[in-house]
Amino acid sequence: VERLKLVMLDGVPFLDLTQLNWEKVKNFHSLPDDLLIASYPKAGTTWVQEIVDMVLNDGDVDKCKRAPVYDRIPFLEIVEPKPLPSGLDQIANLTPPRVIKTHLPFQLVPNSFWEQNCKAIYIARNGKDNLVSYYHFDLMNKEQPDPGTWEQYILKFLEGNVAWGSWFDHVKSWWTGKDKHRILFLFYEDIKENPKREICKLSQFLGKDLSKDILDRIVHYTSFEVMKKNPMANYSTIPTFLFDNKVSPFMRKGQVGNWKEHFTIAQNEIFDEYYHRNLADTSLTFRFQM
Ligand code: A3P
15 VERLKLVMLD GVPFLDLTQL NWEKVKNFHS LPDDLLIASY PKAGTTWVQE IVDMVLNDGD
75 VDKCKRAPVY DRIPFLEIVE PKPLPSGLDQ IANLTPPRVI KTHLPFQLVP NSFWEQNCKA
135 IYIARNGKDN LVSYYHFDLM NKEQPDPGTW EQYILKFLEG NVAWGSWFDH VKSWWTGKDK
195 HRILFLFYED IKENPKREIC KLSQFLGKDL SKDILDRIVH YTSFEVMKKN PMANYSTIPT
255 FLFDNKVSPF MRKGQVGNWK EHFTIAQNEI FDEYYHRNLA DTSLTFRFQM
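Numbering of the sequence shown is given in full-length UniProt numbering, commencing with residue 15 and proceeding in unit increments.
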């Protein structure tokens with residue numbers, strides 16, 4: 015595979031094979047009981063996917079090991095890396111009720127989801143840890159644009175010159191969108207702090223009343239340590255020419271505050287300057303440490 019470049023579509027940069035499916039994605043037909051799991055890349059999408067699958071299967075671990083997470087909850091993706099199956103085909107093959115992953119900013123989500131009054135769960139992560147995670151992902155994912163040096167990457171991220179666009183715009187778009195639709199807005203830091211509380215919130219949103227035992231089982235099964243060892247949850251089934259686990263595993267650190275090992279004081283000040291400027295007009299705030 016070769017590293018892809020970025021292309022602008024409707025004001026947002028995407029990987030440049032995107033045009034292939036762009037119209038198909040825009041015209042996507044949702045079903046009323048579709049559930050969207052939405053996020054900016056590297057915010058904890060896979061974690062929430064695993065939690066949702068566990069909740070919907072009443073904590074049945076074996077059922078959740080039926081296939082890799084990206085097959086159980088396919089990606090409404092625009093670029094379709096060969097030789098992996100097409101996300102759109104996978105979604106078409108699901109039996110309803112369907113759960114679908116997306117990284118689209120709120121304004122680009124196919125309208126059909128809102129016309130059908132679908133539910134969505136958005137997972138957001140503080141921008142510094144999100145940036146560090148995305149940097150390592152761009153190093154190991156051989157189709158992502160070359161991240162360049164760490165120093166260069168910080169500016170790319172802050173300026174939104176990365177696939178799926180600006181982190182600031184993304185989190186803000188969903189934060190505003192949540193007031194208009196059935197959207198549960200979750201924070202990575204909150205799940206890390208108290209997974210049981212957040213999983214309980216999530217299951218109530220899905221109309222599931224789970225027993226204490228089942229909740230405890232889900233907390234255990236979806237912990238970083240357990241998911242890191244589970245090939246059906248940790249992306250180790252993706253061929254290494256696409257995801258080079260030697261460069262960085264998909265399940266890398268799973269921490270809040272890992273950014274402190276990467277940012278210099280000056281880089282942190284630059285980030286904070288962008289952060290305050292870009293989030294000044296919202297009530298959205300993030301926790302950068304616990
Ligand atoms: P790190 O690179 O900081 O380790 P996504 O699924 O959106 O691509 O996000 C991947 C990030 O979520 C990675 O972050 C990964 O380790 C983290 N993650 C995945 N499962 C997790 C879990 N059970 N607990 C905590 N973090 C998890």
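Glycine included, every Cβ here is placed at the ideal spot set by N, Cα and C.
Quantities reported herein were computed from a predicted structural model and do not represent experimental measurements.
So residue i packs on residue j, CB below 8 Å; how close in whole Å?
i: residue 68; j: residue 205; result: 13 Å between Cβ atoms; not a contact.
i: residue 92; j: residue 63; result: Actually they do not touch by this definition, with Cβ atoms about 18 Å apart.
i: residue 40; j: residue 124; result: 6 Å
i: residue 117; j: residue 180; result: With 8 Å as the limit, residue 117 and residue 180 do not qualify as a contact, their Cβ atoms being about 13 Å apart.
i: residue 84; j: residue 139; result: Between residue 139 and residue 84 the Cβ distance is about 19 Å, and since that is not below 8 Å, they are no contact.
i: residue 157; j: residue 256; result: 7 Å
i: residue 185; j: residue 148; result: Not confirmed; about 13 Å, so no contact.
i: residue 114; j: residue 216; result: With 8 Å as the limit, residue 114 and residue 216 do not qualify as a contact, their Cβ atoms being about 16 Å apart.
i: residue 187; j: residue 120; result: 4 Å
i: residue 220; j: residue 72; result: Between residue 72 and residue 220 the Cβ distance is about 11 Å, and since that is not below 8 Å, they are no contact.
i: residue 191; j: residue 183; result: Not a contact, Cβ separation roughly 12 Å.
i: residue 154; j: residue 258; result: 5 Å
i: residue 137; j: residue 58; result: 5 Å
i: residue 172; j: residue 288; result: 5 Å
Between the alpha carbons of residue i and residue j, how many angstroms are there, rounded?
i: residue 284; j: residue 301; result: 17 Å
i: residue 271; j: residue 265; result: 16 Å
i: residue 251; j: residue 127; result: 30 Å
i: residue 78; j: residue 159; result: 32 Å
i: residue 318; j: residue 89; result: For residue 318 there is no data in the structure shown, the boundaries of the chain being 15 and 304.
i: residue 103; j: residue 109; result: 12 Å
i: residue 56; j: residue 144; result: 6 Å
i: residue 19; j: residue 28; result: 8 Å
i: residue 107; j: residue 99; result: 11 Å
i: residue 82; j: residue 246; result: 4 Å
i: residue 45; j: residue 196; result: 15 Å
i: residue 279; j: residue 129; result: 47 Å
i: residue 163; j: residue 60; result: 26 Å
i: residue 101; j: residue 112; result: 13 Å
i: residue 178; j: residue 239; result: 28 Å
i: residue 230; j: residue 80; result: 21 Å
i: residue 299; j: residue 218; result: 24 Å
i: residue 142; j: residue 268; result: 13 Å
i: residue 295; j: residue 286; result: 15 Å
i: residue 17; j: residue 261; result: 15 Å
i: residue 291; j: residue 211; result: 32 Å
i: residue 105; j: residue 26; result: 24 Å
i: residue 75; j: residue 214; result: 18 Å
i: residue 209; j: residue 146; result: 22 Å
i: residue 200; j: residue 189; result: 10 Å
i: residue 381; j: residue 161; result: Residue numbering for the chain in the displayed model covers 15 to 304; residue 381 lies beyond these limits and cannot be assessed.
i: residue 70; j: residue 165; result: 42 Å
i: residue 222; j: residue 241; result: 23 Å
i: residue 170; j: residue 234; result: 36 Å
i: residue 198; j: residue 263; result: 29 Å
i: residue 207; j: residue 293; result: 23 Å
Should residue i be labelled buried (16 or more other beta-carbon atoms within 10 Å of its own) or exposed?
i: residue 236; result: buried
i: residue 297; result: exposed
i: residue 37; result: exposed
i: residue 248; result: buried
i: residue 244; result: buried
i: residue 22; result: exposed
i: residue 304; result: exposed
i: residue 43; result: exposed
i: residue 152; result: buried
i: residue 253; result: exposed
i: residue 274; result: exposed
i: residue 15; result: exposed
i: residue 150; result: buried
Count the C-beta pairs between the stretch 42-49 and the stretch 126-142 that are closer than 8 Å, then say yes if the count reaches three, no if not. yes
Whose CB is closer than 6 Å to a heavy atom of the ligand A3P? List the residues in chain order. 53, 55, 56, 57, 58, 59, 60, 61, 143, 147, 150, 236, 237, 238, 241, 265, 266, 267, 268 and 272
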